[in-house]
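J.: Below is a structure I'd like to ask you about.
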Amino acid sequence: MNGTWTDFSQDTSGGADCPRISWALIAWLLTVWPVGAFAQAPPSAPPDQPTFQIEVIAATPLPGLDLRLEEIPAPVQTAIARDIEESGALDLSDFLNRRITSVHINETQGNPFQADVSYRGYAASPLLGTPQGLSVYMDGVRLNQPFGDVVSWDLIPRIAIASAVLMPGSNPLFGLNTLGGALSIQTKDGRANAGTHVRAVYGSNVRRAVEFEHGGRNASGLNWYMAGNLFAEDGWRVASPSDVRQWFSKIGWERGKNDIGLTFAYANNSLTGNGLQDPRLLAADYASVYTIPDRTNNRSTLLNLTAKHAASRTLTLTGNLYFRDIRADTTNGDLNEDSLDQSVYQPSAADIRALTGAGLVGFPASGANAGNTPFPSWRCIAQALQKDEPAEKCNGLVTTTETRQQNAGFSGQATWTTAPRGQRNQLTAGAGFDSSRVDFAQVSQLGYLNPDRSVATVNAFADGTTNVDGAPFDTRVSLHGAPSTWSLYATDTLSLGNAWHATVSGRFNRTTIDNSDRLTPGGGPGSLDGRYAFGRLNPAVGLTFTPTRTLNVYAGYSEGSRAPTSIELGCANPAEPCKLPNAMAGDPPLDQVVVSTWEAGLRGGIGQAFNWNIGAFRATNHSDILFVASTATGFGYFRNFGETRRQGVELGVSGRVGRVSAGAGYTYLDATYQTAETVDGSSNSSNDAAATGVRGFDGTIQVRPGNRIPLIPAHLVKAFADLRVTTRASVGLNLVGVSSSYARGNENNQDQPDGTYYIGAGSAPGYAVANLGVRYQVARDVHLVAQVNNVFDTRYYTAAQLGATGLTSTGAFIARPFPAVGGEFPVQHASFLAPGAPRAGWMGLRIGF
């Protein structure tokens, strides 16, 4: 398909690109749009030709457009509450990893509620700065947050989920960030979930949890549902506790042609995710952490008013009005990399005077060296007291952030179901508007590392204010943003007889981002002030064919887009490079990312007894955004650089024989760069500086077309089996297998360890993990539940990242371990790994009333 879509952008000077519209495409859409789609003829009866299992799927975030699976030109995957419950998953992200084909997780944050969920190589992550490629909706409300489009999985209460639909590809009906797919969640209500249930869980890592839900309805049409979850555990790693408190409630009224619901959801969570670890320290102690603390506190309030009106037999109107208030605070203790190549041997006379004047004792007056005082705290304290380059002498850094977001909007759509010329037709048209206010603040305080690798802070900040010779770096950020998006969309599905179903869709989005820098207002070098605008019409077409009762063929093409996030726009100037996530700088505008996706496949089955599918896909990102190296400094910036591609093959099979239900899925995923680029490679052994003998914080690497994208494995395997042993007892087993993937920082796939300056393999190894669950019905509505995760106690790693390491294999801090080369002290680098949880078990009791 040819044609260039509408694309608006605007820079800080107020200039705008000219719109580019494919009039040929518009004429084509008008030509193929079914004539008589608005005719008010009564719909024909649904075709009496089921394929495998009949599933009705909501094909838009709002309810109203319900299509059968064989009418959708994509390999949609669905789950209901029972599937999630019986899988033994902790939350929705855990369930996606266990059961959904082409999904895997990277536990970069090191907390089970903070997983980076990746589907076909596109991410939905809680980590700010991660390129987000999946959109997530709950009851029509987009859960990707305004600042950075992140997804906080801990804000989604698992117990309140009625169903989840994963729509693959760049389906434009789901709006921005739908590059690789969209996840649409529908929550429970009192009509379908009457009664009361309580579940209590206790087990490994001092995990304890209580879940409660209650629903009901009365004769006047009123229904209600409420659910709560209290969860706490110490965590399996050192100093890694988590507390999750979730509440969800919905009240609804249904009478005749009207259905109204009001949802209130609240969460107040404290999560500790101590991240990746040096591989040598993991070998010595698998539960160890690199530095502490690393805490995230999330607090969220959601109000959502939904309405549905059946205007006639052929016309249905749906809409929602919503408001969200989100507060996120983080505290992250790290090693200060700027101290790793510094000399720390002898206290100077000025150091001694400063420490003595402050009333401090216990520091060496003479004879200090790297052997007896490895990078001592006194050096950091002395430099902070003198305000003389503490950023180089303090080996610790504590970064705190505060994010405040308020997000409100509405959406509405109309669905016409007609039968022009006797052919069933569904046309849906809708519009939406979303407006947000964002305040983000960040500051880093210097300090020193304690023996337990916590960071003690001193009165010195990484903002240049304490340095007499100028600021070496400035990590302060204070940004106010006002992003907003409005959109128009439409989709039409025409059924030609019982066998053919054709779909045409399109959505136009226009996003504006108005940033105000509260540290450097008024624009100019280093300021984050700017106003940006992005607009685009994204189309989709698809066709399905059902030649027999047990076979369905589908093919489709779609386009999606995402606008750059505030953090990317804030770090996009080659003249003002930054070091993420610690700072943002000047902001020439970036182009939005555009993806084009092809899908084709076969699927079939016989009722619930046996189902299968095989399909292929190719998704190409245009104007993708990558963090590249500055040619002038060791820092970097975001820029549009060309293309990336994700393509592959998916296989799936499931069925039921007697007392056994089982299923399996396999994905081959080829995710590669398609454009050459120079990126930061300071911790990569193949960088250009290392080739000259300099092994510090400088160095770039060359990405070539065909290099694999880091953190995306080539092979994914899922399998599960549920056995009903007796009428009361059942056993479930699931297996997740993931092949190796390159570490972030190894974009050229060339990193090779030498055991001295570069440690680790430059990748995360492949792994397979099995989980076991047992359920026993004690009485009619009393169940005992047992769950064992990682049955074989496998040591595995879900992600890897190259970085400088400042610790020895025993965990002690390194004090200039290597002699100078050309006046520069080398630095040791490692392939940091994200360890997966070892074997753990829990017991639970579920009681219903």
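When the count follows the working numbering, it moves up by one through the sequence shown with no breaks and lands on 851 for the last residue. Note that the Cβ used here is the ideal one computed from N, Cα and C, for glycine as well.
#1: For residue 783, count neighbouring C-beta atoms within 10 Å of its own C-beta (all shown protein chains included) and say buried if the count is 16 or more, exposed if not.
#2: How about residue 103 and residue 601: do their beta carbons lie closer than 9 Å?
#3: Just to confirm, are residue 743 and residue 770 a CB contact at a threshold of 9 Å?
#4: Return the residue from the list 649, 654, 845 and 624 that minimises the CA-CA distance to residue 643.
#5: Could you check the C-alpha separation between residue 320 and residue 432 for me, to the nearest Å?
#6: On the DSSP bridge assignment, give the partners of residue 649 in chain order.
#7: In or out: residue 53 buried (at least 16 other Cβ within 10 Å) or exposed?
#8: Going by DSSP, which residues form a beta bridge with residue 835?
#9: Give me, in chain order, the residues of the same chain whose beta-carbon lies closer than 8 Å to that of residue 84; leave out the 5 immediate sequence neighbours on both sides.
#10: Which whole-angstrom value describes the C-beta separation of residue 460 and residue 396, a residue pair presumed to lie in contact below a C-beta threshold of 8 Å?
#11: Could you check the C-alpha separation between residue 116 and residue 136 for me, to the nearest Å?
#12: Out of curiosity, what's the CA-to-CA distance linking residue 214 and residue 126?
#13: Rounded to the nearest angstrom, what separates residue 174 and residue 564 at their Cα positions?
#14: Does the separation of the CB atoms of residue 250 and residue 233 fall below 9 Å?
#15: In chain order, what residues of the same chain have a beta carbon less than 6 Å from the beta carbon of residue 344, not counting five sequence neighbours either side?
#16: Which ranges does the alpha helix (DSSP H) cover as unbroken runs of at least 4 residues, wholly within the stretch 315-350, from first to last along the chain?
#17: By how many angstroms is the C-alpha of residue 442 removed from the C-alpha of residue 329?
#18: Rounded to the nearest angstrom, what separates residue 62 and residue 99 at their Cα positions?
#19: From which residue to which residue does the alpha helix (DSSP H) around residue 388 run?
#20: Rank 604, 613, 621 and 616 by C-alpha distance to the C-alpha of residue 596 and give the top, closest one.
#21: Which value, in whole angstroms, describes the spacing of the CA atoms of residue 822 and residue 298?
#22: Return the CA-CA distance between residue 379 and residue 745, expressed in angstroms with no decimal places.
#23: Check residue 73 in the structure and name its three-state DSSP category.
#24: So, is residue 252 buried or exposed, given that buried needs 16 or more other C-beta atoms within 10 angstroms?
#25: Less than 8 Å between the CB atoms is what I'm expecting for residue 491 and residue 76, so what's the real figure, rounded?
#26: Pull up the distance between the alpha-carbon of residue 261 and that of residue 66, whole angstroms please.
#27: Quick one: what does DSSP say residue 155 is sitting in, helix, strand or coil?
#28: Is the stretch 701-720 touching the stretch 756-763, taking contact as three or more C-beta pairs under 8 Å?
#29: Are there 16 or more other CB atoms within 10 angstroms of the CB of residue 124, so buried, or fewer, so exposed?
#30: Contact check, residue 425 vs residue 496 under 8 Å by CB: the rounded distance?
#31: Beta carbon of residue 427, beta carbon of residue 494: below 9 Å?
#32: Residue 263 by DSSP, collapsed to three states: which one?
#33: What does a CB cutoff of less than 6 Å around residue 854 pick up in its chain, not counting 5 residues either side in sequence?
#34: Assign residue 720 to one of two classes, buried (16 or more other C-beta atoms within 10 Å of its C-beta) or exposed (fewer than that).
#35: Spell out a yes or no on whether the stretch 730-739 and the stretch 700-709 are touching, meaning 3 or more CB-CB pairs, one atom from each, closer than 8 Å.
#36: Any contact between the stretch 180-188 and the stretch 825-832? By contact I mean 3 or more CB pairs, one from each, below 8 Å.
T.: Let me lay it out:
#1: What you label residue 783 is simply residue 781 of the sequence shown in a count that begins at 1. Result: exposed.
#2: By 1-based counting over the sequence shown, the position of residue 103 is 101. By 1-based counting over the sequence shown, the position of residue 601 is 599. No, the Cβ-Cβ distance between residue 103 and residue 601 is not below 9 Å.
#3: For the purposes of this step, residue 743 is taken as the residue at position 741 of the sequence shown. For the purposes of this step, residue 770 is taken as the residue at position 768 of the sequence shown. Their beta carbons are not under 9 Å apart, which means residue 743 does not touch residue 770 by this criterion.
#4: Locating residue 643 in the sequence shown gives position 641, counting from the first residue. Per the Cα distances, 624.
#5: By 1-based counting over the sequence shown, the position of residue 320 is 318. By 1-based counting over the sequence shown, the position of residue 432 is 430. Their Cα atoms are separated by approximately 9 Å.
#6: Counting from one through the sequence shown, the residue named residue 649 turns up at place 647. Answer is 620 and 672, bridged to residue 649.
#7: The residue labelled residue 53 in the question sits at position 51 within the sequence shown. Residue confidence for residue 53 is low, a pLDDT of 41 falling below 50, so the modelled location carries little weight and cannot support an answer.
#8: Within the sequence shown, residue 835 is the residue found at index 833, counting from 1. Residue 835 is bridged to 279 and 802.
#9: The residue you call residue 84 lines up with position 82 of the sequence shown. Nothing meets the Cβ criterion.
#10: Your numbering for residue 460 matches position 458 in the sequence shown. Your numbering for residue 396 matches position 394 in the sequence shown. Right, their Cβ atoms sit about 7 Å apart.
#11: Working through the sequence shown from its first residue, we reach residue 116 at position 114. Working through the sequence shown from its first residue, we reach residue 136 at position 134. Roughly 16 Å separates the two Cα atoms.
#12: Counting from 1 along the sequence shown, the entry for residue 214 is found at position 212. Counting from 1 along the sequence shown, the entry for residue 126 is found at position 124. Using only the alpha carbons, I get a separation of about 28 Å.
#13: Position 172 of the sequence shown, counted from the first residue, corresponds to residue 174. Position 562 of the sequence shown, counted from the first residue, corresponds to residue 564. One C-alpha to the other measures close to 11 Å.
#14: Counted from its first residue, the sequence shown places residue 250 at position 248. Counted from its first residue, the sequence shown places residue 233 at position 231. No. Outside cutoff.
#15: Counted from its first residue, the sequence shown places residue 344 at position 342. Within the same chain, residue 344 has close Cβ partners 394.
#16: none
#17: For the purposes of this step, residue 329 is taken as the residue at position 327 of the sequence shown. For the purposes of this step, residue 442 is taken as the residue at position 440 of the sequence shown. Going by the C-alpha atoms only, they are around 10 Å apart.
#18: Here residue 62 refers to the residue found at position 60 when the sequence shown is read from its first residue. Here residue 99 refers to the residue found at position 97 when the sequence shown is read from its first residue. The straight-line gap from Cα to Cα measures roughly 23 Å.
#19: Working through the sequence shown from its first residue, we reach residue 388 at position 386. Where residue 388 is concerned, the enclosing alpha helix (DSSP H) stretches over 379-388.
#20: Here residue 596 refers to the residue found at position 594 when the sequence shown is read from its first residue. Considering only alpha carbons, the answer is 621.
#21: Residue 822 sits at position 820 when you count from the first residue of the sequence shown. Residue 298 sits at position 296 when you count from the first residue of the sequence shown. The straight-line gap from Cα to Cα measures roughly 39 Å.
#22: Against the sequence shown, residue 379 aligns to sequence position 377. Against the sequence shown, residue 745 aligns to sequence position 743. Each residue's alpha carbon lies about 33 Å from the other.
#23: Translated into positions along the sequence shown, residue 73 becomes position 71. Correct three-state label for residue 73: helix.
#24: Within the sequence shown, the letter at position 250 stands for residue 252. Per the 10 Å Cβ criterion, buried.
#25: Walking along the sequence shown from the start, residue 491 turns up at place 489. Walking along the sequence shown from the start, residue 76 turns up at place 74. No, residue 491 and residue 76 are not in contact; Cβ-Cβ is about 17 Å, not under 8 Å.
#26: For the purposes of this step, residue 261 is taken as the residue at position 259 of the sequence shown. For the purposes of this step, residue 66 is taken as the residue at position 64 of the sequence shown. Taking the straight line from one Cα to the other gives about 12 Å.
#27: Translated into the one-based positions of the sequence shown, residue 155 becomes position 153. Helix.
#28: no
#29: As a first step, residue 124 is located in the sequence shown; it is residue number 122 there, counting from the start. So residue 124 ends up on the buried side.
#30: Locating residue 425 in the sequence shown gives position 423, where the first residue counts as 1. Locating residue 496 in the sequence shown gives position 494, where the first residue counts as 1. Confirmed, Cβ separation roughly 6 Å.
#31: Locating residue 427 in the sequence shown gives position 425, where the first residue counts as 1. Locating residue 494 in the sequence shown gives position 492, where the first residue counts as 1. Result yes, Cβ atoms of residue 427 and residue 494 sit closer than 9 Å.
#32: Residue 263 sits at position 261 when you count from the first residue of the sequence shown. Note: residue 263 maps to strand in three-state DSSP.
#33: A question about residue 854 goes unanswered here, because the residues of the chain that appear run from 3 up to 851.
#34: Locating residue 720 in the sequence shown gives position 718, counting from the first residue. That one is buried.
#35: no
#36: no
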